[in-house]
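The sequence shown begins at 294 in this note's numbering and counts up by one.
Cβ coordinates follow ideal geometry from the N, Cα and C atoms, glycine included.
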Amino acid sequence: MKHSFTKVSLIILFIAIFARLLGMFDYPLHDPTEARYAEIPRLIIETGHWIMPPFDYGVPFWGKPPLTFWMTAVSFELFGYSEFSARFPVFLLAIAVLWLTYQFAKFLQGEDKAVFSSLVLTSTALFFIASGAVMTDMALCFCVSLSMISFWQAIHNQCSKQAKKWSYWFFVGLGIGLLVKGPIVGVLVLLPLIAWTILEKQYVAVWQRLPWFKGSAVMLLIAVPWYIAAEIDSPGFINYFLVGEHFKRFVDAGWHGDLYGVAHKHPRGKIWLLWLFASFPWSFIFLASLISWPFRKNKQQTLAEVAKSSWHRYLLFWAITPMVFFSLSGNILYTYVFPGLPAFAILVSEILSLRFAIESMQRSKWLWVTALIPIVGLIFLTILIGSPDTFNFEKNQKPLVNAYQQSRSSENSRLVYVGRRIYSIDFHTQGKAKRTEAKQITLTWLQSNAVEDYIIVQKSKLPSLPKGVLQACDTIKTYRNYVLLKERLTYE
């Protein structure tokens, strides 16, 4: 039975890793999120602005600290500009989060449940998608997980040397988090810790087991030098980032101070609905198990008795903190639930084993459910690769950029695109394409050089091009709602 359990687990893990790797190579960068977070590191390399990453040429990016951008930039330096190299650092972080989750679950539950907990996390919809997507949320999840696990180990590890090491790793996680997303890491870590400490009355242990003064010094030493350097390099950053991004964004659902995107206005409390689908399918399974608990045949433990367990409560506080905190905000994204997923995965393993009286996850049919999301992901990517036009929601403009690069007869050919900024065009042309307005593309502009010019424009904006421009161009390629026009060098 042990051999069968291990074999099935490895097969599911292989499917999940293979599906994510396949998507990292062939799935286009989602525009705007992924393409934007890939373009910023590319600009870091081109401009040499490592202290304050650029959002555009001459425009600093004050929206987030730079650690994830630095990681992506290093990946570009090692592997070149591609979808894979943009996503590879996030994939490594996902492996690190899985390893931390497995080790912590093993400490709490034993090996069988630890393996199952890791597979639950891997097969949670948001984690599976984000483990191969260019976003900062996986890095934040890693930092929160490192601090939360380190705190527990510092309090409960029987080996004093190990406990001391874990106590410092708690502050390292916070310090790294300040370089990933800023002070929000402290909120997501300290809220559940304070709640657990008060409920368990562990004030003395928490005070004695963690080096609050030395550890805080380590945390500040990791993060503060960059904040000082960033403010010197780009005055105004700290006011925008700390006041705007960490206060106004959450209290004002329609905050208009965002320099880099748009407000994601939602009804307050909707974060719980987003969690329900981000944690699919395990959110539904978890809630159904809790609801049906009173009707189970095995009455050895009531739900109230389970809730009295110290580590169960610890995991519950960790898992729900993102939703509790962001319930107060109307400016939210579904990825905000991410930091609580590792704790949720361990809770799922525990609640299923108790609800169905499973002594060992080796005998659990729930193991096969962990293959659901990876298999769906693999099928989706297979269809997308085999028939790219099956799905019509992809915004990435790489096909038009490729058509431009294959059609041009000279490196001096110009490519412009009309309307709002399209990050995928900027990334795939390495900043050589220029954004413009329709009225600026005139016959005089087309005739201002001796090589052909190219224009990417939405179909709906074709009539707004100045008179004679359409007659002077040929349509090279149509993709989604956009067309690529090529100037004819001989025209009337």
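What whole-angstrom Cβ distance do residue i and residue j have, given they're in contact under 8 angstroms?
i, j, result
"residue 365", "residue 428", "Wrong, their Cβ atoms sit about 11 angstroms apart, outside the cutoff."
"residue 737", "residue 415", "Between residue 415 and residue 737 the Cβ distance is about 57 angstroms, and since that is not below 8 angstroms, they are no contact."
"residue 468", "residue 512", "4 angstroms"
"residue 800", "residue 642", "Outside the displayed range of the chain (294 to 785) lies residue 800, so it cannot be described from this structure."
"residue 438", "residue 390", "6 angstroms"
"residue 563", "residue 625", "7 angstroms"
"residue 659", "residue 645", "5 angstroms"
"residue 752", "residue 776", "6 angstroms"
"residue 384", "residue 425", "6 angstroms"
"residue 432", "residue 340", "Not confirmed; about 23 angstroms, so no contact."
"residue 692", "residue 481", "Between residue 481 and residue 692 the Cβ distance is about 39 angstroms, and since that is not below 8 angstroms, they are no contact."
"residue 356", "residue 538", "7 angstroms"
"residue 499", "residue 448", "7 angstroms"
State the DSSP-derived secondary structure class of residue i, mapped to helix, strand or coil.
i, result
"residue 629", "helix"
"residue 548", "Because residue 548 carries a pLDDT of 49, less than 50, the predicted location of this residue cannot be relied on, and no value is offered for it."
"residue 707", "strand"
"residue 640", "helix"
"residue 725", "coil"
"residue 771", "strand"
"residue 309", "helix"
"residue 347", "strand"
"residue 715", "coil"
"residue 485", "helix"
"residue 777", "strand"
"residue 742", "coil"
"residue 469", "helix"
"residue 690", "coil"
"residue 533", "helix"
"residue 669", "helix"
"residue 267", "This structure cannot speak to residue 267, because the chain is shown only from 294 to 785."
"residue 747", "strand"
Is residue i near residue j, with beta carbons less than 8 angstroms apart?
i, j, result
"residue 754", "residue 711", "yes"
"residue 509", "residue 464", "yes"
"residue 338", "residue 346", "no"
"residue 782", "residue 747", "no"
"residue 582", "residue 324", "no"
"residue 312", "residue 667", "yes"
"residue 627", "residue 677", "no"
"residue 398", "residue 639", "yes"
"residue 335", "residue 723", "yes"
"residue 622", "residue 561", "yes"
"residue 633", "residue 611", "yes"
"residue 302", "residue 412", "yes"
"residue 729", "residue 709", "yes"
"residue 419", "residue 572", "yes"
"residue 606", "residue 492", "yes"
"residue 631", "residue 434", "yes"
"residue 674", "residue 430", "no"
"residue 700", "residue 769", "yes"
I need the straight-line Cα distance from residue i to residue j, nearest angstrom please.
i, j, result
"residue 785", "residue 528", "Note that residue 785 scores a pLDDT of 48, beneath 50, so its modelled location is shaky and nothing firm can be said."
"residue 374", "residue 518", "29 angstroms"
"residue 548", "residue 629", "Bear in mind that a pLDDT of 49 at residue 548, under 50, signals an unreliable position, so the number given afterwards is only what the model happens to contain. Those two C-alpha atoms are separated by around 17 angstroms."
"residue 507", "residue 423", "34 angstroms"
"residue 358", "residue 743", "44 angstroms"
"residue 243", "residue 515", "This structure leaves residue 243 out entirely; the chain is present only between 294 and 785."
"residue 376", "residue 452", "44 angstroms"
"residue 648", "residue 417", "20 angstroms"
"residue 490", "residue 502", "13 angstroms"
"residue 473", "residue 534", "13 angstroms"
"residue 410", "residue 696", "45 angstroms"
"residue 522", "residue 354", "14 angstroms"
"residue 263", "residue 741", "Only positions 294 to 785 of the chain appear in this structure, which leaves residue 263 out of reach."
"residue 316", "residue 305", "17 angstroms"
"residue 576", "residue 570", "7 angstroms"
"residue 344", "residue 330", "16 angstroms"
"residue 772", "residue 531", "41 angstroms"
"residue 756", "residue 719", "25 angstroms"
"residue 504", "residue 484", "19 angstroms"
"residue 524", "residue 745", "44 angstroms"
"residue 739", "residue 780", "7 angstroms"
"residue 479", "residue 307", "34 angstroms"
With hydrogens ignored, establish whether the beta-carbon of residue i is closer than 7 angstroms to any heavy atom of the ligand NAP.
i, result
"residue 666", "The ligand NAP is absent from the structure shown, which contains no ligands of any kind."
ask   = In chain order, which alpha helix (DSSP H) runs of at least 4 residues are fully inside the region 383-453?
value = 404-415, 418-423 and 430-449
inquiry  = Quick check for students: name the residue ranges of the alpha helix (DSSP H) that lie wholly in the region 320-371, counting only runs of 4 or more.
reply    = 326-340
Secondary structure, beta strand (DSSP E): runs of 3+ residues fully inside the region 472-528 = none
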